[in-house]
Amino acid sequence: MRNPVLLLYIWSVYCCFPAGSLTTLRPQGSLRDEHHKPTRVPATVKPSVSFNVRTSMDPEHEGCNLSLGDNQLLEDCGFNMTAKTFFIIHGWTMSGMLEKWLHKLVSALQTREKDANVVVVDWLPLAHQLYIDAVNNTRVVGQKVAGMLDWLQEKEDFSLGNVHLIGYSLGAHVAGYTGNFVKGTVGRITGLDPAGPMFEGADISRRLSPDDADFVDVLHTYTLSFGLSIGIRMPVGHIDIYPNGGDFQPGCGFNDVLGSIAYGTITEVVKCEHERAVHLFVDSLVNQDKPSFAFQCTDSNRFKKGICLSCRKNRCNSIGYNTKKMRKKRNSKMYLKTRAGMPFRVYHYQMKVHIFSYKNSGDIQPTFYITLYGSNADSQNMPLEVVDKIGLNATNTFLVYTEEDLGDLLKLRLTWEGISNSWYNLWNEFRSYLSQPSNPSRELHVRRIRVKSGETQRKCCVWKTHTPAVDPGELSRKNLMHSETGGTLQLGINCSPSMEQHPTRAAECSHQCWVEEVLEGRGLETEGAEEGLVLPWIAGHNG
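Residues 7 to 549 (this note's numbering) are what the sequence shown spells out, left to right.
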């Protein structure tokens, strides 16, 4: 059987991008070169760029084509000068036909903004070319869109501030050129996974940039898959959002690749992650009651660690159509997790667990699992992903997320499992044992646990208690179970109210999430041990 990754690479380079490697493509000259000659398309066949006003949600409806300078046609098309105006700009195409996602986006915009003008910029004759030629044609198309906007500005009541350009792939850079050439400032540009080849690292005059509109927001969904970067990696807007790190999208995984190759639909596989940006934007239009939120972070690795889940000082934002302009933001990178399909929203939680052990930190690498119990639903038993390694005698931060809204958190269950029973680990354990003083403490202490919801910003923690009853907010010796493979800790938690409603109690939850009971382990010394939840450490066994 052929290597599917190799097949994807060969297909992407020689079919999608025939000029060569995706990561090394560069234009031979400036795209603003006055002597550049774009691809010529016979005028008798079809205009190189047309502006189609969609007057119906029926995808089979032809709409109404605007003609620059034709005022009567503008009126016949029912163009509303005072309403919002959306220009949808497609990208490079292999088929020479408009793709299905475009009709879905048109319908979603018409449903959400019933009085708005929805205009499809059809530049298929210039986009259905070799990739390099299509790239060079983006400048020409941008000039034509700018010319249409300049003509519309001559009309009474039309405002450039009401214009929202939505560009997919190469279309995002067309929108950038439009914003650069138009007389005035476009209200908003949304880049849906802007194309990367020939634009990565390019000067701001030759790609989408924050200077092209009053507000530029970007969704990056295909930046690193299989070593390629069809979408641009670098931030190019005021706000750049990277769902799932901007690379592997749920539902576009390796198993999906194998299945699609088997049925000869490799084209759909390559499009899956690149096109996900469009579907995330559509989702934000049709599922208003389930908005997805992204969180500002310096990089994907820190987000995976659960470090960046704050909404203070505008550090979080909704994605897609609902993204809000942030003052003084530029190239602000934001991250979130999503589901594999609509609605894409998930619920993010930050877990902070302070772990203590008398063993050397290099000898212990436990695996933790967490289950959250809420008023609406319970989560699955979720692993706490360790990006680097577990830090002992320190507070560890983890990111977990659920597809269901759990409601108010009531309790949690923390499960610990020992490391694998390999000869290497057994030798390390034996060597560690020889270096230990006699009767060393063989246990893990969990001294503090705090859970923070990204969506509500509520902080939940274990409160001080000396009551043996097992109620939410309290813990008991009965809640800890031991086995040869590790331990399980189940305890109630209390969540703080919002900082605005009860600042004192919210502050208490932030600073006093300390567990003060000492729970004895089976056959382990706990006398004189510092306060904390104790999990037995039994290495060399598999959970």
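Built from N, CA and C at the ideal position, the CB exists for glycine as well.
Exposed or buried, what is residue i when buried is set at 16 or more other beta-carbons lying within 10 Å of its beta-carbon?
i, result
"His-508", "Caution is warranted here: a pLDDT of 49 is assigned to His-508, below 50, making its placement in the model unreliable, and the coordinate value is therefore given only provisionally. The residue in question, His-508, is exposed, as its Cβ has fewer than 16 Cβ neighbours within 10 Å."
"Thr-117", "exposed"
"Thr-329", "buried"
"Ser-101", "exposed"
"Thr-401", "exposed"
"His-255", "Before going further, note that residue 255 is Gln rather than His in the sequence given. With 16 or more other Cβ atoms within 10 Å, it is buried."
"Ala-383", "exposed"
"Leu-378", "buried"
"Arg-213", "buried"
Roughly how many angstroms separate the alpha carbons of residue i and residue j, rounded to a whole number?
i, j, result
"Lys-559", "Met-357", "The requested residue 559 is not part of the displayed model; the chain covers only 7 to 549."
"Ala-140", "Ile-455", "54 Å"
"Asn-427", "Val-393", "In this prediction, Asn-427 has a pLDDT of 45, which is less than 50 and means its spatial position is unreliable; nothing more can be read from the coordinates."
"Gln-149", "Cys-467", "57 Å"
"Leu-28", "Ala-208", "Unreliable placement is indicated for Leu-28, whose pLDDT of 41 sits below 50; the coordinate value is still reported in the next sentence. In a straight line, the C-alpha of Leu-28 is about 14 Å away from that of Ala-208."
"Cys-551", "Val-242", "Shown here, the chain extends from 7 to 549; a query on residue 551 therefore has no answer."
"Phe-299", "His-354", "9 Å"
"Lys-335", "Asn-323", "12 Å"
"Gly-460", "Leu-136", "44 Å"
"Glu-410", "Gln-386", "10 Å"
"Thr-184", "Ser-316", "35 Å"
"Lys-161", "Met-87", "8 Å"
"Tyr-248", "Leu-405", "16 Å"
Could you check where the beta strand (DSSP E) with residue i kicks off and where it finishes?
i, result
"Lys-339", "338–342"
"Lys-417", "415–423"
"Gly-380", "373–380"
"Val-188", "Taken as a continuous stretch (DSSP letters only), Val-188 belongs to no beta strand (DSSP E), as it is neither H nor E."
"Gln-356", "353–363"
"Asp-223", "221–225"
"Leu-72", "70–72"
"Asp-246", "245–249"
"Lys-90", "No beta strand (DSSP E) contains Lys-90, which DSSP labels as neither H nor E."
"Ile-172", "169–174"
"Asn-328", "Per DSSP, Asn-328 belongs to no beta strand (DSSP E) and is neither H nor E."
"Lys-555", "Here the chain comprises residues numbered 7 to 549, so residue 555 is not present and cannot be evaluated."
Let me know the secondary structure DSSP gives residue i once reduced to three states.
i, result
"Gln-302", "strand"
"Val-540", "Residue placement at Val-540 is flagged as unreliable, the pLDDT there being 43, under the threshold of 50; a coordinate-derived value is accordingly withheld."
"Lys-335", "coil"
"Ser-113", "helix"
"Glu-410", "coil"
"Pro-389", "strand"
"Glu-514", "With a pLDDT of only 49 at Glu-514, under the threshold of 50, the placement of this residue in the model should not be trusted; the figure read from the coordinates follows. Correct three-state label for Glu-514: helix."
"Ser-56", "strand"
"Ala-201", "strand"
"Pro-131", "helix"
"Val-192", "coil"
"Asp-384", "strand"
"Ser-211", "helix"
"Phe-404", "strand"
"Ser-482", "Residue confidence is low: Ser-482 scores 31 on pLDDT, short of 50, so the model does not pin down where it sits. Its coordinate-derived value is still stated next. Looking at Ser-482 - three-state DSSP - the assignment turns out to be coil, as it is neither helix nor strand."
"Arg-456", "strand"
"Val-125", "strand"
Specify, as a first and last residue, the run of the alpha helix (DSSP H) that residue i falls within.
i, result
"Thr-144", "137–159"
"Leu-79", "77–82"
From the beta carbon of residue i, is the nearest beta carbon of chain D less than 8 Å away?
i, result
"Cys-467", "Judged by its chain identifiers, the structure shown contains no chain D, having just a single protein chain."
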